[in-house]
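Everything below concerns the one structure shown next.
Residue numbers (my numbering), protein chains in the order written: chain A, 1136 to 1707; chain B, 244 to 1078.
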């Protein structure tokens, strides 16, 4: 949906993890976007792999013609579900190409965790580890006095990436909470167990296992888990195949991003050992990887086996071949691990299927219990989250535990809703130049509080504010030539001192009497006092924040009284 | 006291009284006191103190010390108390004027050492030991001891406070029972002086309005009614009952939490068994007024009582079941189920509020469930539990816990929210569910019950510990299901359930979590044990992948899992290999291979658990007569023994002996000898076999080498078991318990060897290198020699020797005294060194 905002006016895009950058070429290459994109290095590299795999899979089977008649609303209406329910089909685009991918990625500026990035002096942006995937980030967007945390896909589980940085999220005015687990009822540990059990059962019965998956992410953890499990389950002789155009790069990249890994894996690098055990699986020939099913794979292929391949939607990629090949035997099993797709929809075109289907969504992102712990720990003043998170899932309306529960209640938003965040920018930091600071004479008005008046010129550029010494008053022109005074130097007037303090009425009256005013009367008012000098027909109104002397055309008297008043006040 | 001890005692006493000696450690002193207790227990005479004047000297010299150490003073107080327990010795110590200086006004009461809690505790214990006769009681009262004890009830040290309370109970009981000549009435003047003081103190405290004093008195009363059932306690109760009742109704003093225990102890006392009494009205009122958490233990206690009015019992049951009732009502539409309880008798508001709170919900339910489990395990429960509703309520709890139930009421959603993923409650509920399987009347719910159980077994979110409990409950209910399907025509349902169970078991056997694999195997074993005779079960089992997967797990990397797999495979064999009609095709192992595999585990597995499992399975097979199907039983036993006898794990060796025992009893039966050693043997021995050849099968199985060697095993239980077996064998061949004439043995051909064997066995476990067969002329495989050995070796003496605890020498009082002297002695030597 692009109608909400004109993407050419966007200055900055922050990418949280490689799963949420798949549409980047559409933005950078088609909208006139001229801003900067920030992401960590693993995000960019693995994002590139995902895009490459996508482009490769699509381009491998070019379509002779593409049908478009069906996009006509009248025709679409007649199509079976889910096609007839699809929205805005006319906006659907073709997949981007590799040059577009490269162009898009070239616009990304690489950042590291905790690196502070100044955005036009207006705010500072910092990526923090979110623990979800290699290089995945949460973002802190802060000014001098306000802090907004943007929490995207995050995980508190101990998997391969660096653990989530929670401490830096503290003291946020607003915490925007997104990217929670898609399957809150499925605990990842249980699902991994389920995955292994089903895999072992199938293979022991002589069947094959197909795992539709992305080429990076959970697959690393699954391989690690299997590494520990296969010997105990007696599966040492079963080959594991990983088929993807980017399989090799994915397995190798994972080993070189040491600084982005969890502590255990980082320490392995210093031994030196490969951080992930899939290296050993490859070495011992238990795990083999191929760019596609053509070529070497067809020579090496042995059954029963376990195949990891994409795409998890089952609509393109090599997984389609395996579905066709194995779908008819009930010995085989397809195990879905990616939570992003409905497995029933994915399987629909392949029905009737004899092969067993197991749904073990492994989603390591935060669940609602973890969210409530996180919020207790971080204590943001306000939480903002999508509307779906503030109510139980529609299919399980009794599960009131499956929603964000915090105090004050989270502000929610819907798709395409514009939200005003609940804070106001009230203060700015201003820098005082040293020479100006030097000229200040602070006066202590209370213990610990000193005041000084500043007269200066305020320079504002790139959202940075600087106070400089005012220009010297222009010298009287030496010649009679009139010089034009430069426009940007404002004229300076002589400074009047500022007054502070309050006037103690009793003492003031005594002073007046000392100075010869004999008929002083004091009246209390709501806001202070009125001192009446009856003979002189003069009123002195003393209030908290003002003093007025009202007398008729007797300037000397007024000046005299003014001076008496000033005696009681501090000047600076 | 032995002469040796009497000789050592003066030295010990002198050393103990010597202030230059550092204190002995407390265990030594405690042991010494225990010894004195045992010496004085049956001997009230004065001789002990007269013959050993060092004892009184010890007491007086400790009293003479300007600043005795707390530990020696405590010791002295307790020693004096023990000695003064008999009237004679009390008089003797009185003559020596020691007791006033210990327990009287002149004692440590006012001094600085009194600050030490161990001294106060010792004083109380000393008095407790002493007050067993009238003079001691009078002495205590005349020396103002009672006030000290009253004060110590509130001592900052809980040990002292509790001991003081116990002491008061003892004094009260003793005073009434020794001094009161007739039945007591509520009139104070009829009570003995001491008892009167305590009674008044208790009554005053209860009325004092001070929470701590009320609590002290309630504690005292609780232990009094817990320990004394005499008639006079009823009189005491009638004096305080009003006050106790006021604690229930008024909330001026927070004493409710103490009342449940007190009331329970009173209720247990036979004095109050009259069901008409006002006491039971008070109990009913307590059940109403105490909070559910406080009332629950009272209710359970009442339900266990034999004599309790039925209406109180029902009230107690109501209190106990209220949380379960509340769950049931919260989950269902109004009027859908009748609930567990009649609403008129229950006030659900408190329970509802407890269940609505996140912090108290799980605690209350776990407490209730634990009590229910205990009640269900009782043989005779005097009240009918509504099993059906209870089961429905349990199922509801379990469904709340895994989020599968959408509650119909707001209360239900709150409870559901509190319970989701609560493992504690899941475990407790599954325990009760398992216990409930033995009760009748839940048949109609069995289908939906299995839906709940299967949901737990199947869910990947079930934690391993909860899964284990779910397996246990399932195996118990499967038995019910089988019984049901026999009687009704519910076969199809049963078949479907069994299929589902095996499908999930198959998956769980492949789990990456070893705890899950382990409990799955245990579940399989449990199922086979109960259901192996059922055709339906056998068919379902054999048509599943479970047998093959189980055999695979014999190679599991985790030793516990291998052990469970061995047990499961062993039981599986009853259904497969040993079953009369079982051509099991497609299995990894055939009968012989499987035995070979288990043998291999027994001889090579690096962990003890799998090896122990193998030996116990072998024993089970032999016991059930299956081993004979494999091969010759003698050969089988002989091979197993040879593997086991060098095992480093003593439990495996012990298991080997169990196998031998089974083999022996079976062989003796086959020989036609009676198994009973007391039966007349001569008639039973078949005349065809010569007496000296009867041992031939035992020798062929190479039993004797193993048995005699085990007698010298460095682990005692092994030696004891071997000895028992040999004694049993001997009983079958030598009806008379007399030993063979030694001269005759020496003259026999095997004589020299047997004599050597006797000598070796006398060394016991010191004979570490028990020589292998034949080395010293003992031929363990020669039936004749072995017959002689059985007759000649004094196995009964050996048995006694083995049954003595290994520290029987060190435990003797003599050794204790020597130790004390030695400890002190070294110090003297060191002192000399210093100079």
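Note that CB positions come from ideal geometry on N, CA and C, so glycine has one too.
Query - Rounded Cβ spacing between residue 1060 of chain B and residue 251 of chain B (contact assumed at less than 8 angstroms) - result: Taking the first residue of the second chain as 1, we reach residue 1060 of chain B at position 817. Taking the first residue of the second chain as 1, we reach residue 251 of chain B at position 8. At roughly 4 angstroms, the Cβ-Cβ gap stays under 8 angstroms, so residue 1060 of chain B and residue 251 of chain B are in contact.
Report task. Taking C-beta pairs closer than 8 angstroms, name the residues in chain A that residue 751 of chain B reaches, listed in chain order. Result -> Looking up residue 751 of chain B in the second chain gives position 508. 1332, listed in chain order.
Report task. Under 8 angstroms by Cβ, that's how I've got residue 1178 of chain A and residue 1153 of chain A pegged, so tell me the actual separation to the nearest angstrom. Result -> As a first step, residue 1178 of chain A is located in the first chain; it is residue number 43 there, counting from the start. As a first step, residue 1153 of chain A is located in the first chain; it is residue number 18 there, counting from the start. Correct: roughly 5 angstroms between the Cβ atoms.
Query raised in the report: Assuming residue 329 of chain B contacts residue 377 of chain B under a Cβ cut-off of 8 angstroms, what Cβ separation, rounded to an integer in Å, is found between them?
Result: Mapped onto the second chain, residue 329 of chain B falls at position 86. Mapped onto the second chain, residue 377 of chain B falls at position 134. Going by Cβ atoms, the distance from residue 329 of chain B to residue 377 of chain B rounds to 12 angstroms, so no, they are not a contact pair.
Report task. Put residue 1272 of chain A into one of helix, strand or coil per three-state DSSP. Result -> Stepping through the first chain from its first residue, residue 1272 of chain A is reached at position 137. Looking at residue 1272 of chain A - three-state DSSP - the assignment turns out to be strand.
Query raised in the report: Going by C-alpha distance, which of A:1659, A:1599, A:1661 and A:1676 is nearest residue 1279 of chain A?
Result: Locating residue 1279 of chain A in the first chain gives position 144, where the first residue counts as 1. Per the Cα distances, A:1599.
Query raised in the report: When we look at the beta-carbon of residue 956 of chain B and count the other beta-carbons within 10 Å, is it buried (16 or more) or exposed?
Result: Start at 1 with the first residue of the second chain, and residue 956 of chain B comes out as number 713. Classification of residue 956 of chain B: buried, given that the 10 Å Cβ count is 16 or more.
Query - Residues near residue 491 of chain B in its chain [Cβ-Cβ closer than 8 angstroms; skip 5 each side] - result: In the second chain, residue 491 of chain B corresponds to position 248, counting from 1. In chain order, 499, 502, 525, 528, 529, 532 and 533 place their CB closer than 8 angstroms to the CB of residue 491 of chain B, counting only its own chain and leaving out the 5 sequence neighbours on each side.
Query - residue 1375 of chain A: first and last residue of the uninterrupted alpha helix (DSSP H) it sits in - result: For the purposes of this step, residue 1375 of chain A is taken as the residue at position 240 of the first chain. Unbroken run through residue 1375 of chain A is the beta strand (DSSP E), 1375-1378; no alpha helix (DSSP H).
Query raised in the report: When you compare only the Cα positions, how much space is there between residue 599 of chain B and residue 839 of chain B?
Result: Indexing the second chain from 1 puts residue 599 of chain B at position 356. Indexing the second chain from 1 puts residue 839 of chain B at position 596. Spanning the two alpha carbons is a distance of roughly 59 angstroms.
Report task. Closer than 8 angstroms by C-beta to residue 926 of chain B: which residues in its own chain qualify, once you throw out the five before and the five after it? Chain order, please. Result -> The residue given as residue 926 of chain B occupies position 683 in the second chain. Caution applies to residue 926 of chain B, whose pLDDT of 42 falls short of 50 and renders its modelled position unreliable; the model cannot decide the point.
Query - Residues that residue 1366 of chain A contacts on chain B, provided the C-beta gap is smaller than 8 angstroms - result: Position 231 of the first chain, counted from the first residue, corresponds to residue 1366 of chain A. Those are 800, listed as they occur along chain B.
**Report entry** Cα-Cα separation between residue 1411 of chain A and residue 1257 of chain A, rounded to whole angstroms
**Finding:** Along the first chain, one-based indexing puts residue 1411 of chain A at 276. Along the first chain, one-based indexing puts residue 1257 of chain A at 122. In this model, residue 1411 of chain A and residue 1257 of chain A are separated by some 41 angstroms (Cα to Cα).
**Report entry** Spatial neighbours of residue 1022 of chain B in its chain, beta-carbon cut-off 6 angstroms, leaving aside the 5 residues before and after
**Finding:** Reading the second chain from its first residue, position 779 is the one you call residue 1022 of chain B. Excluding positions up to five away in sequence, the list reads 1028.
Query raised in the report: Which whole runs of the beta strand (DSSP E) in the stretch 1651-1699 of chain A are 3 residues long or more, in chain order?
Result: Fully enclosed beta strand (DSSP E) runs of 3 or longer: 1655-1659, 1663-1668, 1673-1678 and 1682-1685.
Requested in this report: Please classify residue 1479 of chain A: is it buried, with 16 or more other beta-carbons within 10 angstroms of its beta-carbon, or exposed?
Outcome: Taking the first chain and counting its residues from 1, the one referred to as residue 1479 of chain A is at position 344. Exposed.
**Report entry** Residue of A:1261, A:1587 and A:1290 minimising C-alpha distance to residue 1498 of chain A
**Finding:** Translated into positions along the first chain, residue 1498 of chain A becomes position 363. Comparing Cα positions, the closest option is A:1290.
Query - chain A contacts from the stretch 656-685 of chain B (Cβ-Cβ distance under 7 angstroms) - result: Within the stretch 656-685 of chain B, the qualifying residues are 656, 659, 660 and 663.
Report task. Identify which residue in A:1601, A:1644, A:1581 and A:1648 has its Cα closest to the Cα of residue 1635 of chain A. Result -> Within the first chain, the letter at position 500 stands for residue 1635 of chain A. Ranking A:1601, A:1644, A:1581 and A:1648 by Cα distance to residue 1635 of chain A puts A:1581 first.
Query raised in the report: Roughly how many angstroms separate the alpha carbons of residue 1377 of chain A and residue 1533 of chain A, rounded to a whole number?
Result: Position 242 of the first chain, counted from the first residue, corresponds to residue 1377 of chain A. Position 398 of the first chain, counted from the first residue, corresponds to residue 1533 of chain A. If you take the alpha carbons of residue 1377 of chain A and residue 1533 of chain A, they lie about 41 angstroms apart.
Query raised in the report: chain A partners of residue 644 of chain B, CB-CB under 9 angstroms?
Result: Translated into positions along the second chain, residue 644 of chain B becomes position 401. Going along chain A, no residue has its Cβ under 9 angstroms from residue 644 of chain B, so there is no contact; the nearest lies around 12 angstroms.
Query raised in the report: In whole angstroms, what is the alpha-carbon distance linking residue 263 of chain B and residue 310 of chain B?
Result: Stepping through the second chain from its first residue, residue 263 of chain B is reached at position 20. Stepping through the second chain from its first residue, residue 310 of chain B is reached at position 67. So the two alpha carbons sit approximately 12 angstroms from each other.
Query raised in the report: If the cut is a Cβ gap below 7 angstroms, which residues of chain B does residue 1534 of chain A touch?
Result: The residue given as residue 1534 of chain A occupies position 399 in the first chain. Ordered by position in chain B, the residues that pass the 7 angstroms Cβ test against residue 1534 of chain A are 646.
Query raised in the report: Checking contacts by CB at 7 angstroms: is residue 853 of chain B closer than that to chain C?
Result: The structure shown contains no chain C; its protein chains are A and B.
Query raised in the report: How would you list, in chain order, the residues of chain A whose beta-carbon sits under 8 angstroms from the beta-carbon of residue 704 of chain B?
Result: For the purposes of this step, residue 704 of chain B is identified with residue 461 of the second chain, where counting begins at 1. Ordered by position in chain A, the residues that pass the 8 angstroms Cβ test against residue 704 of chain B are 1320, 1321, 1322 and 1325.
Query - Residue from B:974, B:564, B:415 and B:772 whose Cα sits closest to the Cα of residue 594 of chain B - result: Within the second chain, residue 594 of chain B is the residue found at index 351, counting from 1. Nearest of B:974, B:564, B:415 and B:772 to residue 594 of chain B, Cα basis: B:564.
**Report entry** chain B within 7 angstroms of residue 1314 of chain A, Cβ atoms only
**Finding:** Here residue 1314 of chain A is taken as the residue at index 179 of the first chain, counted from 1. No, no contact with chain B.
Report task. Please report the residue range of the beta strand (DSSP E) in which residue 1345 of chain A lies. Result -> For the purposes of this step, residue 1345 of chain A is taken as residue 210 along the first chain, with counting starting at 1. For residue 1345 of chain A, the enclosing beta strand (DSSP E) covers residues 1344-1347.
Query raised in the report: Three-state secondary structure (DSSP) at residue 1173 of chain A?
Result: Walking along the first chain from the start, residue 1173 of chain A turns up at place 38. Residue 1173 of chain A: strand per DSSP, three-state reduction.
Requested in this report: Tell me, please, whether the CB atom of residue 786 of chain B is closer than 7 angstroms to any CB atom in chain A?
Outcome: Looking up residue 786 of chain B in the second chain gives position 543. No, its Cβ sits nowhere closer than 7 angstroms to a Cβ of chain A.
Query raised in the report: So residue 631 of chain B packs on residue 684 of chain B, CB below 8 angstroms; how close in whole Å?
Result: Your numbering for residue 631 of chain B matches position 388 in the second chain. Your numbering for residue 684 of chain B matches position 441 in the second chain. 6 angstroms between Cβ atoms; contact.
Report task. Work out the CA separation of residue 1221 of chain A and residue 1213 of chain A for me, nearest whole Å. Result -> On the first chain, residue 1213 of chain A is found 78 positions in, with the first residue counted as 1. On the first chain, residue 1221 of chain A is found 86 positions in, with the first residue counted as 1. Separation of residue 1213 of chain A and residue 1221 of chain A (C-alpha to C-alpha, rounded to the nearest whole angstrom) is 12 angstroms.
Query raised in the report: Going along the chain, which residues of its own chain have a beta-carbon closer than 6 angstroms to the beta-carbon of residue 814 of chain B, five neighbours each way excluded?
Result: Position 571 of the second chain, counted from the first residue, corresponds to residue 814 of chain B. So the qualifying residues of the chain are 768 and 771.
Query raised in the report: Got a sec: is the Cβ-Cβ distance from residue 756 of chain B to anything in chain A below 7 angstroms?
Result: Sequence index remark: in the second chain, residue 756 of chain B carries index 513 (1-based). Flagged as an interface residue toward chain A: residue 756 of chain B, by a C-beta distance shorter than 7 angstroms.
Query - C-beta neighbour in chain A for residue 649 of chain B, strict 7 angstroms - result: Walking along the second chain from the start, residue 649 of chain B turns up at place 406. Chain A places a beta carbon closer than 7 angstroms to that of residue 649 of chain B, counting this residue as a contact.
Query - Sequence-distant residues of the same chain with beta carbon closer than 7 angstroms to residue 681 of chain B, five excluded per side - result: Here the question's residue 681 of chain B lines up with position 438 in the second chain. Excluding residues within five positions, none has a Cβ falling inside 7 angstroms.
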